[in-house]
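Novice: The sequence shown begins at -15 in our numbering and counts up by one.
Just so you know, even glycine gets a beta-carbon here, dropped at the ideal spot from N, CA and C.
Quantities reported herein were computed from a predicted structural model and do not represent experimental measurements.
I'd like to ask you about the structure that follows.
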Amino acid sequence: MSFDPVATASLVTRAVRSGSRDGAATKIVIARRTYRAAQADLWDALTNPDRIPRWFLPVTGDLRPGGHYQLEGNAGGVVERCTEPDSFAVTWESGGKLSWLAVTLTARGESTTLELAHEEPFEAGKWRQFGAGAVGVGWDLSLLGLGRHLHDAAPVDAREAAAFVASADGAALIRAAAAGWAAAATADGDDPVLAQQAAARTVAFYTLPSGPPDGS
């Protein structure tokens, strides 16, 4: 099957919003993608602990409201809300930092639109360095894996996923996604030159073996 990385990146609609929680500034990164899947099937792919590892990561814990979950080698947190088959919200705790994730599904005929909103405390230094792509590009890649799983039901091979990120197609998708996040941040009021520079550092982080050069 042919793969067009730029066309695939364009399947995601991106937005950035400035927000606040308890009087502290936050940034909200929002990704929307429509899948050719029934809402019930997409909901199951997102919430069934047997299916989540097929496109994302193994998960343990109690996936009911009030329960704690843990993604293998990644974030954990608390399930704050779960309204089947429309939406859920969880805390996203990683590296000693707390952020919040909300997912909403909307049926559109035979397709379903997924909206993912990831809100985190605003850190000026981190935002200036990597911008919205620090969070957004990672979710782009996850939504790509979800799309592949929904298409053929096969599990996403972790080694193949890593090889894809290191490939020319993977780099092209990451560049297109990072540019999209820079445009979304600019629409929210960021300086366009600084947003593009942050996008370039995000691309380097994902595509260079050693990550972005210091001070670049």
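How is LYS103 classed by DSSP in three states: helix, strand or coil?
Specialist: Residue identity check: residue 103 is Glu in the sequence provided, not Lys. In this structure, GLU103 counts as strand in the three-state DSSP scheme.
Novice: Going by beta-carbon coordinates alone, are LEU206 and TRP27 separated by less than 8 Å?
Specialist: Shown here, the chain extends from -15 to 200; a query on residue 206 therefore has no answer.
Novice: Tell me whether ALA(-9) is buried or exposed, calling it buried when 16 or more other Cβ atoms sit within 10 Å of its Cβ.
Specialist: ALA(-9) should be labelled exposed.
Novice: Assess contact between the stretch 156 to 163 and the stretch 184 to 192, defined as three or more Cβ pairs (one per stretch) separated by less than 8 Å. Is contact present?
Specialist: Output reads yes: the stretch 184 to 192 touches the stretch 156 to 163.
Novice: Please list the terminal residues of the continuous alpha helix (DSSP H) segment that includes SER83.
Specialist: It is not in any alpha helix (DSSP H) - SER83 instead sits in the beta strand (DSSP E) that spans 81 to 92.
Novice: Answer yes if the stretch 33 to 42 comes into contact with the stretch 99 to 117, meaning at least three C-beta pairs across the two stretches below 8 Å, and no otherwise.
Specialist: Cβ pair count under 8 Å is below three, so no.
Novice: Among ILE158, ASP172, ALA150, ASP141, which residue has its Cα nearest to the Cα of LEU41?
Specialist: Taking only the C-alpha atoms, the option nearest LEU41 is ASP141.
Novice: Taking the straight line between their C-alpha atoms, what separation do you get for ARG(-2) and GLY129?
Specialist: Rounded to the nearest angstrom, the two C-alpha atoms are 17 Å apart.
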